[in-house]
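Trainee: Here's a structure for you.
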Ligand SMILES: Cc1cc2nc3c(=O)[nH]c(=O)nc-3n(C[C@H](O)[C@H](O)[C@H](O)COP(=O)(O)OP(=O)(O)OC[C@H]3O[C@@H](n4cnc5c(N)ncnc54)[C@H](O)[C@@H]3O)c2cc1C
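In my numbering, the protein residues as written are 4 to 388.
Rendered as structure tokens:
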């Protein structure tokens with residue numbers, strides 16, 4: 004057993020941390036207040052090679068392992084969860100399925116430029132009426148003259164306002180549940196595709212999220228990503244990574260909340276003492292730190308496991324569940340340590356508290372994850388097993 008990072012992992016983490024401290028932290032408040040996609044910082048992330056970090060060199064990526072990728076996501080999330088969410092979309096969900104299941108032409112024309120920040124990719128699964136219940140989505144894809152016609156409505160689509168291409172989940176067979184889902188590549192200028200209203204959100208306000216309308220969008224047959232009937236299975240190839248990455252977002256947010264809490268606990272004087280001198284506060288800090296370290300253990304182990312070639316859904320789900328719940332608890336405790344100032348917009352505590360909520364939904368809600376974990380553990384017992 005080896006709990007240490009390689010020299011390469013440590014030095015990459017230091018370089019991301021340096022970038023975050025110099026460029027992201029000073030801009031984080033403005034990103035949140037303006038609720039606008041942080042274009043310049045996003046471009047700098049591209050320049051730094053972050054979008055291609057976990058992709059192989061054959062597609063101009065950096066060929067890093069998944070653990071290194073998680074360290075990068077954690078560090079960016081420490082600076083701004085809005086930026087980190089946009090980076091995660093671009094470097095994983097928004098590009099990976101086109102990379103894996105698209106054609107060489109798609110990889111050249113869309114994925115390669117996306118890894119350089121010249122095009123933006125996103126994923127469109129969720130619908131107004133179906134989120135967790137993905138098997139029931141009603142967006143349809145019907146064969147038509149050698150291609151497909153897609154119709155439906157999507158909701159909560161990250162970066163839709165600025166995206167050049169979308170991986171869209173649609174039903175090719177309405178009666179087949181998950182097996183009837185397929186993934187399609189849809190491009191910005193295709194007739195019938197419209198970005199609907201932008202959602203005014205509680206947190207991660209700099210990561211724009213919108214409705215997407217597909218009104219008889221015609222796509223060529225090559226835009227079916229993978230064999231017909233395999234969309235859900237193909238999504239499953241990166242689902243463990245999505246969950247672990249979301250856990251890593253939680254680590255960064257939790258670290259930011261803890262750092263602020265420690266600083267404030269040592270600065271704020273009540274009863275002629277720093278509030279950190281009161282056991283009630285120092286024990287909060289101890290609990291926050293302990294919870295964060297436990298979350299790190301799970302996320303890093305799950306990421307390491309991916310690098311060993313094991314996509315363990317139970318461990319990935321545990322990592323996402325524990326780290327995102329920990330981030331919420333830690334951000335909550337942070338606002339308590341700040342007292343009324345935790346309620347004031349002029350301090351960062353409120354942003355951590357608001358942003359942390361985002362972590363609870365994407366990649367599976369905590370309720371769904373518990374169901375998955377229990378099922379993997381054999382509860383309830385499957386008939387015939
Ligand atoms: C900021 C943000 C960005 C997002 N970006 C994207 C994106 O880019 N692309 C995309 O496709 N989606 C995106 N999503 C959507 C996200 O993936 C969904 O919100 C998520 O899947 C949950 O779906 P829902 O909100 O419809 O909740 P529901 O599925 O309606 O769930 C509501 C509640 O019921 C619970 N619940 C539901 N079913 C069960 C069950 N079987 N057992 C127990 N409890 C249950 C849930 O846990 C939850 O508490 C984004 C969401 C947010 C907030």
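Ideal Cβ placement from N, Cα and C applies to all residues, glycine included.
Report yes or no: do three or more beta-carbon pairs, one from the segment 196-207 and one from the segment 227-235, lie closer than 8 Å?
Mentor: Too few Cβ pairs lie closer than 8 Å, so no.
Trainee: Looking only at C-alpha atoms, which of 142, 287 and 365 sits nearest to residue 220?
Mentor: The option with the nearest alpha carbon to residue 220 is 142.
Trainee: Taking Cβ to Cβ, would you say residue 125 is nearer than 8 Å to residue 67?
Mentor: Cβ distance not < 8 Å, so residue 125 and residue 67 don't count as in contact.
Trainee: Between the alpha carbons of residue 315 and residue 85, how many angstroms are there, rounded?
Mentor: When rounded, the distance between both Cα atoms is 28 Å.
Trainee: To the nearest angstrom, how far is it from the Cα of residue 332 to the Cα of residue 375?
Mentor: Going by the C-alpha atoms only, they are around 22 Å apart.
Trainee: Helix, strand or coil: how does DSSP classify residue 192 here?
Mentor: Coil, per DSSP.
Trainee: Rounded to the nearest angstrom, how far is the Cβ of residue 326 from that of residue 227, given a contact under 8 Å?
Mentor: That belief does not hold up - the Cβ atoms of residue 326 and residue 227 are roughly 35 Å apart, past 8 Å.
Trainee: Using alpha carbons as the reference points, say which of 303, 123 and 72 lies closest to residue 46.
Mentor: Among 303, 123 and 72, the Cα nearest to that of residue 46 is on 123.
Trainee: So is the beta-carbon of residue 35 under 7 Å away from any non-hydrogen atom of ligand 1?
Mentor: No, the beta carbon of residue 35 sits no closer than 7 Å to any heavy atom of ligand 1.
Trainee: For residue 247 and residue 306, which I take to be in contact (beta-carbon distance under 8 Å), what is that distance rounded to the nearest angstrom?
Mentor: The Cβ separation is near 5 Å, so the contact holds.
Trainee: Just tell me which of 322, 318 and 357 has its CA closest to the CA of residue 380.
Mentor: Residue 380 has its Cα closest to that of 318, out of 322, 318 and 357.
Trainee: CB of residue 319 to nearest heavy atom of ligand 1: below 7 Å?
Mentor: False, no ligand heavy atom lies under 7 Å from that Cβ.
Trainee: Residues in its own chain within less than 8 Å of residue 259 by CB, not counting five upstream and five downstream?
Mentor: If we look at residue 259 and ignore the five residues flanking it on each side, its Cβ neighbours are 80, 81, 82, 351 and 355.
Trainee: Hey, could you find the ends of the beta strand (DSSP E) residue 223 is sitting in?
Mentor: That run of the beta strand (DSSP E) goes 212-223.
Trainee: What would DSSP say about residue 277, mapped onto helix, strand or coil?
Mentor: Three-state result, residue 277: strand.
Trainee: Please name the residue, chosen from 272, 138, 229 and 76, that lies closest to residue 182 on a Cα-to-Cα basis.
Mentor: With distances taken between Cα atoms, residue 182 lies closest to 138.
Trainee: With DSSP collapsed to three states, give me the class of residue 201.
Mentor: Reduced to three states, the DSSP call for residue 201 is strand.
Trainee: Helix, strand or coil for residue 146? Go by DSSP, reduced to three states.
Mentor: Correct three-state label for residue 146: strand.
Trainee: CB of residue 89 to nearest heavy atom of ligand 3: below 7 Å?
Mentor: Ligands in the displayed structure: ligand 1; ligand 3 is not one of them.
Trainee: Which stretch, first to last residue, makes up the beta strand (DSSP E) that contains residue 169?
Mentor: Run containing residue 169: 168-174, per the beta strand (DSSP E) assignment.
Trainee: To the nearest whole angstrom, what separates the beta carbons of residue 40 and residue 312, a pair I think is in contact under 8 Å?
Mentor: 35 Å between Cβ atoms; not a contact.
Trainee: Give the range of the beta strand (DSSP E) segment to which residue 125 is assigned.
Mentor: Element bounds for residue 125: 124-127.
Trainee: Within 10 angstroms of the Cβ of residue 289, are there 16 or more other Cβ atoms? Answer buried if so, exposed if not.
Mentor: Looking at its Cβ environment, which holds fewer than 16 other Cβ atoms inside 10 Å, residue 289 is exposed.
Trainee: Quick check on residue 20: does DSSP put it in helix, strand or coil?
Mentor: Note: residue 20 maps to helix in three-state DSSP.
Trainee: Evaluate residue 114 with the Cβ neighbour count: other Cβ atoms within 10 Å of its Cβ, from every protein chain shown; 16 or more gives buried, anything less gives exposed.
Mentor: Looking at its Cβ environment, which holds 16 or more other Cβ atoms inside 10 Å, residue 114 is buried.
Trainee: Taking all protein chains shown into account, do 16 or more other C-beta atoms lie within 10 angstroms of the C-beta of residue 149, making it buried, or fewer, making it exposed?
Mentor: Looking at its Cβ environment, which holds fewer than 16 other Cβ atoms inside 10 Å, residue 149 is exposed.
Trainee: Report all residues from its chain with a CB closer than 8 Å to the CB of residue 193; omit the five preceding and five following residues, and keep chain order.
Mentor: Taken in chain order, the residues that qualify are 220, 221 and 222.
Trainee: Which same chain residues end up closer than 7 Å to residue 145 when comparing Cβ atoms and leaving out the 5 residues on each side of it in sequence?
Mentor: Only 151 and 152 meet the Cβ criterion.
Trainee: Under the criterion of a Cβ to heavy atom distance below 7 Å, does residue 356 qualify as lining ligand 1?
Mentor: Checking the Cβ of residue 356 against ligand 1 gives no.
Trainee: Determine whether the beta carbon atoms of residue 75 and residue 19 lie at a separation below 8 Å.
Mentor: The answer is yes: Cβ separation under 8 Å.
Trainee: Where residue 23 and residue 175 are concerned, what is the direct C-alpha to C-alpha distance, given to the nearest angstrom?
Mentor: Cα to Cα, residue 23 sits roughly 43 Å from residue 175.
Trainee: Per DSSP, what are the beta-bridge partners of residue 187 in this structure?
Mentor: Looking at the DSSP assignment, residue 187 forms a beta bridge with 171 and 227.
Trainee: Using a threshold of 8 Å, state whether the C-beta atoms of residue 340 and residue 285 are closer than that.
Mentor: It is not a contact, given that the beta carbons lie outside the stated cut-off.
Trainee: Going by the C-beta, is residue 382 closer than 7 Å to any heavy atom of ligand 1?
Mentor: No, the Cβ of residue 382 stays beyond 7 Å of every heavy atom of ligand 1.
Trainee: Is DSSP giving residue 155 helix, strand or coil here?
Mentor: Strand, per DSSP.
Trainee: Can you tell me whether residue 140 is helix, strand or coil according to DSSP?
Mentor: Three-state result, residue 140: coil.
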